[in-house]
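Residue numbers (this note's numbering): 150 to 543.
Note that the Cβ used here is the ideal one computed from N, Cα and C, for glycine as well.
Taking it in order: structure first as structure tokens, then the write-up.
See below:
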């Protein structure tokens, strides 16, 4: 029996299901026991599926079936694009147009090396950068910290000057806000934000519908919110939120469709997934019914089944894989979604429409050296693994 990863087996199951359900094939062999098995590559797809030892046709006309199958599979083959840096450990990434050239740039936190901004030059470096790595990226020379451990970074306009500011969650040194002054210059503006404490995630959202963004953060002492007053000082706000326990992630989404953002947090100390319903006035009510045990490093929200309500998608670090929680009109939560990993250790998860079919897909990073996975959604809560070419380790 060959030693292959769980992700490769999921890919094989997806391919087998495609041939059986959509193309009329009958599966003959146990693919898992093939020698030297590996993920499929675009060039090997025709070879794998023209071999009658593994599949036979219900109607003997191989060419039309293979012609139909190969595009369906190979359209989801990933290839690596030029990267700004291929060495080191990165904890937080954000995407934003930092220099108003219409291109998406990268803001990153490298282990104990502060904050970095990489400009997307789309095909070659230009002068003025501190260093260049990769065909399409140039590191912007800035006054941002070059030392320090940041767990997460987010880009947003917190002072409403239409310039991208940078929020950083530091591991031991609180929350930092860097206000964009232009030309690669940022000004540190604490003004009431903490300068101690371990913060693992940070976001910005308008929680009280006043048009001004609040800062929300997850830390080793609960969930925190700061709101800016007219003098520009940040004040700690939010009633009935936890001030204890480890929370590794934080997200804002309207879960009960009342027009006010609610909060979702992943507890990293076997405390499950937590949600609090907001009233737009700074008060928060705990929402019961979500898992109360298990270690969750990340959680996000998206309408994955087209019912108009936000589902919660979680990344478990206690060998429970990826999970989707959906609620009904009464607020009762239940687990749903098919085709996702039900076991495994995951560090982060996001929902984006990867294949531009108008339906949310799921991207997750494994925390047990099994790489990155992509699952394509059908808009009904079902998912298909589409990770051919993505890293299977790391």
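Asked: Would you report the Cα separation of residue 376 and residue 312, rounded to the nearest angstrom?; Found: 19 Å
Asked: If we call anything under 7 Å between Cβ atoms a contact, is residue 298 one with residue 314?; Found: no
Asked: Pick from 398, 251 and 268: whose alpha carbon is nearest that of residue 301?; Found: 398
Asked: CA-CA distance, residue 462 and residue 413?; Found: 10 Å
Asked: Taking the CB atoms as reference points, tell me whether residue 357 and residue 429 lie closer together than 7 Å.; Found: yes
Asked: Give me the Cα-Cα distance between residue 483 and residue 472, rounded to the nearest whole angstrom.; Found: 10 Å
Asked: Along the chain, which unbroken stretches of the beta strand (DSSP E) at least 3 residues long are found entirely within the segment 485-528?; Found: 495-501, 510-515 and 521-526
Asked: By how many angstroms is the C-alpha of residue 401 removed from the C-alpha of residue 512?; Found: 19 Å
Asked: Assign residue 477 to one of three DSSP states: helix, strand, or coil.; Found: coil
Asked: Would you mind reading off the limits of the beta strand (DSSP E) that contains residue 399?; Found: 396-402
Asked: Counting pairs of Cβ atoms below 8 Å between the segment 407-426 and the segment 505-524, do you hit three or more?; Found: no
Asked: Residue 435 and residue 496 - do their beta-carbons sit closer together than 7 Å?; Found: no
Asked: Here's a check: name, in chain order, each residue in its chain whose Cβ is nearer than 6 Å to the Cβ of residue 296, leaving out the five neighbours to either side.; Found: 263
Asked: Taking the Cβ atom as the reference point for each residue, do residue 257 and residue 242 lie within a distance shorter than 7 Å?; Found: yes
Asked: Beta carbon of residue 454, beta carbon of residue 530: below 7 Å?; Found: yes
Asked: Label residue 498 either buried or exposed according to how many other C-beta atoms from any shown protein chain fall within 10 Å of its C-beta, with 16 as the threshold for buried.; Found: buried
Asked: Short check: CB of residue 416 to CB of residue 396, under 7 Å?; Found: yes
Asked: Can you pull the DSSP bridge partners for residue 320?; Found: 347
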